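Read the sequence shown against the working numbering and you will find it ends at 368, with the numbers running on by one and no gaps. Take a look at the structure below.
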Amino acid sequence: MRGWAAVPSGLVVRSGELHVFRARLDPVNQATGEALGLVTDEERAVAETLGRSGDGWAFLAARAMTRRVLGWVLGRSATSVEFCRSEHGRLALVDREVCFSVAYVRGQQLVAVSLDSEVGVDVQDDDVVYAENLHLALTEWEQRLLRRLSPSARHMFFLGLWTRKEAVLRAAGYGLRVPPDEVDVLVEDGAGTVAVPLPDGAGVTEVQVRDLPGARGTVAAAAAAGPVSVLHTWAFTPSFDPAYCR
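Shown next as structure tokens:
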């Protein structure tokens, strides 16, 4: 599995490509400073409900960083990046120029971007406590494999499966409205096609999922609802100009 390369100058997102950007996230420093100029009043109100420290600041820092990444990809000011909600409630660009998905945990954020396919990304860290009842999120076959492992190995195995499920269900567009125990994400060598049953018996859709290189103590995965010709993983280091991404 390749690592995270520096973002090249003049990067262009092409059809069939899946790009995932990883950025360092310091909620306290970023959300109390220049990042506040990149969030809306509505987002500040959401942060207030989450608390002025911890989750609230992390939410603001993540929204600001998402605008920086998307602004860089689109070649325009981060302040011009406007969000809306899709028909299924997921975050989207008002102008729909690219599809994207966001996840963040413990000092890092991932932003997955595709030109023409809905995408999903997830990252989890080992602070999540494995409990026996979590097996209810797994398919029967996944549960069987889990039981064969030693207790010490079950935790990371479960997190790997869970990140794939989250990424796949986000890419499919329905999130946890599709029961995760109905989605088998056992793929060979960390990449493959997953069949996702749609709500209300509306059929099945196929989603491509791939594991991502994780930082120490984390696991991550990205997925796309369309064919993926190549996966790029980039380390994103923005300038701290509040208006521009490059």
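Beta carbons are placed, not taken as given, at the ideal position from N, Cα and C, and that holds for glycine. Since the structure is predicted, the reported quantities are computational estimates derived from the model, not experimental observations.
| query | result |
| --- | --- |
| State the start and end residues of the unbroken alpha helix (DSSP H) segment that holds S274. | P273 to A294 |
| Return the CA-CA distance between L133 and V191, expressed in angstroms with no decimal places. | 12 Å |
| If you draw a straight line from the alpha carbon of T359 to that of V220, how long is it in whole angstroms? | 20 Å |
| Bridge partners of R269, per DSSP? | Beta-bridge pairing links R269 to no other residue. |
| Please classify R218: does DSSP put it in a helix, a strand, or coil? | coil |
| Let me confirm a value: C367 is counted as buried when at least 16 other C-beta atoms fall within 10 Å, else exposed. Which label applies? | Interpretation of C367 is limited by its pLDDT of 45, a score under 50 that renders its predicted location unreliable; the figure taken from the coordinates is listed afterwards. C367 should be labelled buried. |
| Give the secondary structure of D333 by DSSP, where H, G and I count as helix, E and B as strand, and everything else as coil. | strand |
| With distances taken from CA atoms, which of D217, A169 and L232 is nearest F143? | L232 |
| Under 7 Å: does the beta carbon of L213 sit that close to some heavy atom of the ligand FAD? | With respect to small molecules bound, the structure shown includes none, and the ligand FAD cannot be examined in it. |
| Determine the closest residue to D148 out of V129, R124 and G176, with distance taken between C-alpha atoms. | G176 |
| Taking the straight line between their C-alpha atoms, what separation do you get for D244 and V224? | 7 Å |
| Looking at the unbroken alpha helix (DSSP H) that takes in D247, where does it start and where does it end? | From DSSP, D247 is part of no alpha helix (DSSP H) but of the beta strand (DSSP E) over V241 to D247. |
| Expressed to the nearest angstrom, what Euclidean distance is found between the alpha-carbon atoms of A293 and T285? | 12 Å |
| Give me the Cα-Cα distance between Y296 and K287, rounded to the nearest whole angstrom. | 12 Å |
| Where do the N-terminal and C-terminal ends of the alpha helix (DSSP H) with L182 fall, by residue? | D177 to L196 |
| Roughly how many angstroms lie between the CA atoms of V135 and H354, to the nearest whole one? | 10 Å |
| Thinking C-alpha only, which one of D311, T327 and A184 is nearest V300? | T327 |
| Helix, strand or coil: which one does DSSP assign to W126? | coil |
| In terms of DSSP beta bridges, what is G314 paired with? | V331 |
| For T315, tell me which candidate among E170, L291 and P335 has the shortest Cα-Cα distance. | L291 |
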